[in-house]
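Sequential numbering from 8 applies to the sequence shown in our numbering. Below you'll find the structure, written out as structure tokens, and then a few comments.
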Amino acid sequence: MKKINFKFSHSSVDYYFDTKFSALRTLVDKRNAVVITDENVFSSHTSKFKGWNTIVLKSGEETKVQATVDGIVKHLISIEADRQTVLVGVGGGVITDITGYVGSVYMRGINFGFVPTSLLAMVDASIGGKNGIDVGVFKNLVGVVRQPSFLLYDINFLTTLPSQEWANGFAEVIKHACIKDATMFNFLEKHDGVSIQKNREKLTGIIKKNAVLKSRAVQRDEFEKGERRLLNFGHTLGHALENQYEISHGQAISIGMCYASIVSQKLTGFKDAQKVIALLTKYNLPVDLEFDMNEVFDVLKMDKKKSGGEINYIVLEKIGKGSVRRLPFRQLKKLLNDS
Ligand SMILES: NC(=O)c1ccc[n+]([C@@H]2O[C@H](COP(=O)([O-])OP(=O)(O)OC[C@H]3O[C@@H](n4cnc5c(N)ncnc54)[C@H](O)[C@@H]3O)[C@@H](O)[C@H]2O)c1
8 MKKINFKFSH SSVDYYFDTK FSALRTLVDK RNAVVITDEN VFSSHTSKFK
58 GWNTIVLKSG EETKVQATVD GIVKHLISIE ADRQTVLVGV GGGVITDITG
108 YVGSVYMRGI NFGFVPTSLL AMVDASIGGK NGIDVGVFKN LVGVVRQPSF
158 LLYDINFLTT LPSQEWANGF AEVIKHACIK DATMFNFLEK HDGVSIQKNR
208 EKLTGIIKKN AVLKSRAVQR DEFEKGERRL LNFGHTLGHA LENQYEISHG
258 QAISIGMCYA SIVSQKLTGF KDAQKVIALL TKYNLPVDLE FDMNEVFDVL
308 KMDKKKSGGE INYIVLEKIG KGSVRRLPFR QLKKLLNDS
């Protein structure tokens, strides 16, 4: 099994691309492992979990809360899980975020690894060590930065991914293209979601490219002092919309990216906002939503990227080049209102 290793500041992560779930038994001892998944992944792939000690959570963002953490911790105590125990999150971003969080706090931290099963988790959520939970409408407000020991990719999981979830994954792929990779942006313009989905080689290629792109950005700035901030393109408004309007993460950041592209026209002279909007539309993502700017700003003011009445907002200078602008909330509100 081919392994790529990425070193981060306190640990390193082994990536196993284009492999099979069955290889998990070569990475962790079944007797020490506790697999965490959700009901959709479990019901679609039940036979894969045979022989693994498995916790099955309800699916959906509502699960990413402290009550679920408490439930998992109680279960771990009941089976006398100790520091030799390894947690394996098998699922989308909700499962990887929560598994990483429990793994980081149980007994002050035990080993954990991920098998991402949604496109979004494969290209983004499982990578980079951010683990955490939501508190009410505040997304990922409580959490830690701690890297998994391994990431195992089996694209066969994607055969059961609903079409809306494919679109959500492409939202993060388009984000990466916008901030860092004009060549990938062109590739995405020439293709569409279905043609990539149906072509194993292209799909594997795009997943690996995005996983490596994010990993490199995190490697250079694990604790988000500079470059990693670019990965928040579309997320400032997106996160504020996500829980308030009960839309998915991918849909929310798609709308956030449209607004950020239009704001970029004014702040950097960015010329291709319509290209970004057209690409998101092509990949079946929403590009607008009716929302109450005051309500959204009440949530946005608790964004983790804020300090002293200002926020780091990500803009585009050109396709493939994002940058950070520090903006007072008042100015950002006006810019968004005018968009
Ligand atoms: N930690 C990070 O750096 C980071 C980055 C981006 C997003 N996130 C988080 O990730 C979450 C979004 O990720 P997501 O879209 O994967 O969410 P998710 O885990 O809710 O998965 C989306 C849906 O797809 C289903 N699903 C997943 N894999 C499937 C499969 N193979 N077959 C059938 N159904 C499947 C799930 O049951 C769920 O209903 C959000 O909570 C977001 O905050 C975290």
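Positions of the beta carbon are idealized from the N, C-alpha and C atoms, including for glycine.
Report yes if the C-beta distance between residue i and residue j is below 8 Å; otherwise report no.
| i | j | result |
| --- | --- | --- |
| Val93 | Phe56 | no |
| Val122 | Val95 | yes |
| Leu159 | Leu83 | no |
| Glu179 | Gly257 | yes |
| Glu229 | Phe15 | yes |
| Ile43 | Ile79 | yes |
| Phe336 | Ile321 | no |
| Leu237 | Gly329 | yes |
| Ser51 | Thr167 | yes |
| Glu249 | Lys146 | yes |
| Gly135 | Val225 | yes |
How many angstroms separate the CA atom of residue i from the CA atom of residue j?
| i | j | result |
| --- | --- | --- |
| Val152 | Ser125 | 21 Å |
| Leu323 | Ile186 | 7 Å |
| Glu46 | Glu253 | 20 Å |
| Lys182 | Ile260 | 9 Å |
| Glu297 | Glu172 | 22 Å |
| Thr288 | Gln91 | 47 Å |
| Asn291 | Ser133 | 23 Å |
| Leu127 | Phe277 | 27 Å |
| Leu165 | Ala40 | 23 Å |
| Leu342 | Val270 | 6 Å |
| Lys308 | Asn12 | 38 Å |
| Leu274 | Gln281 | 16 Å |
| Leu286 | Gly116 | 41 Å |
| Asn206 | Lys9 | 21 Å |
| Ala218 | Asp131 | 7 Å |
| Met264 | Phe240 | 6 Å |
| Val201 | Asp36 | 37 Å |
| Trp59 | Val283 | 43 Å |
| Ile262 | Asp310 | 17 Å |
| Glu196 | Glu231 | 30 Å |
Note the first and the last residue of the continuous alpha helix (DSSP H) segment covering residue i.
| i | result |
| --- | --- |
| Leu339 | Phe336 to Asn344 |
| Gly257 | His256 to Thr275 |
| Glu302 | Met300 to Leu307 |
| Gly212 | Arg207 to Arg227 |
| Gly327 | Premise fails: Gly327 is in no alpha helix (DSSP H) and is neither H nor E. |
| Ser51 | Glu46 to Ser51 |
| Leu244 | His242 to Glu249 |
| Leu31 | Leu31 to Leu34 |
| Lys193 | The identity of residue 193 in the sequence shown is Asn, whereas the question assumes Lys. First-last of the alpha helix (DSSP H) with Asn193: Ala189 to Lys197. |
| Ile140 | Segment Lys137 to Val142 is the beta strand (DSSP E) holding Ile140; no alpha helix (DSSP H) there. |
| Ser85 | Gln73 to Ser85 |
Among the options, which one has its Cα closest to the Cα of residue i?
| i | options | result |
| --- | --- | --- |
| Gln154 | Ala178, Ile326, Ser170 and Tyr108 | Tyr108 |
| Tyr23 | Phe157, Ile62, Thr75 and Met264 | Phe157 |
| Arg332 | Ile326, Lys313, Asp345 and Asn12 | Lys313 |
| His246 | Phe164, Val142, Glu317 and His17 | Val142 |
| Asn193 | Ser50, Gly327, Phe13 and Thr166 | Gly327 |
| Gly139 | Glu196, Thr167 and Thr70 | Thr70 |
| Val306 | Gly212, His242 and Gln281 | His242 |
| Phe49 | His17, Thr190 and Leu64 | Leu64 |
| Asp25 | Leu220, Gly176, Met129 and Ser346 | Met129 |
| Glu382 | Leu274, Arg38 and Leu195 | The shown model of the chain, from 8 to 346, leaves out residue 382, and the question about it has no answer. |
| Val294 | Ala174, Ser170, Ser85 and His17 | Ala174 |
| Asp104 | Val149, Leu286 and Lys27 | Val149 |
| Leu334 | Gly315, Asp345 and Lys325 | Gly315 |
| Asp345 | Ala267, Tyr320, Arg227 and Glu302 | Ala267 |
| Lys27 | Ile62, Asp299, Asp161 and Gln251 | Asp161 |
| Asp299 | Gln251, Val283 and Gly329 | Gln251 |
| Val144 | Arg223, Val72, Gln338 and Lys81 | Val72 |
| Met114 | Gly100, Gly135 and Asp89 | Asp89 |
| Gly176 | Lys197, Ser222, Ser255 and Lys232 | Ser255 |
| Asp77 | Thr61, Thr106 and Ser54 | Thr106 |
Given residue i, which residues of its chain have a CB within under 6 Å of its CB, disregarding the five upstream and five downstream residues?
| i | result |
| --- | --- |
| Gly67 | none |
| Arg227 | Glu234 |
| Ser222 | Phe13 and Ile134 |
Span of the beta strand (DSSP E) holding residue i?
| i | result |
| --- | --- |
| Ile62 | Thr61 to Leu64 |
| Phe157 | Phe157 to Leu159 |
| Val130 | No beta strand (DSSP E) contains Val130, which DSSP labels as neither H nor E. |
| Val95 | Val93 to Gly98 |
Grab me the residues of residue i's own chain with a C-beta within less than 7 Å of its C-beta, minus the 5 sequence neighbours each way, in chain order.
| i | result |
| --- | --- |
| Ile203 | Lys209, Leu210 and Ile213 |
| Leu220 | His183, Lys187 and Asp188 |
| Gln272 | Ala280 |
Does residue i come within less than 8 Å of chain C when only Cβ atoms are used?
| i | result |
| --- | --- |
| Gly120 | Here chain C cannot be found, since the structure has a single protein chain. |
Leaving out the 5 sequence neighbours to the left and right, which residues in its chain are closer than 8 Å to residue i when beta-carbon positions are compared?
| i | result |
| --- | --- |
| Phe304 | Ala247, Phe336 and Lys340 |
| Asn163 | Lys27 and Phe28 |
| Asp199 | Lys289 and Tyr290 |
| Lys325 | Ala189, Phe277, Lys278 and Asp279 |
| Ile62 | Val41, Val42, Ile43, Thr44, Ile79 and His82 |
Hey, would you say the C-beta of residue i is under 7 Å away from at least one heavy atom of ligand 3?
| i | result |
| --- | --- |
| Leu127 | This structure lacks ligand 3; its bound ligands are ligand 1. |
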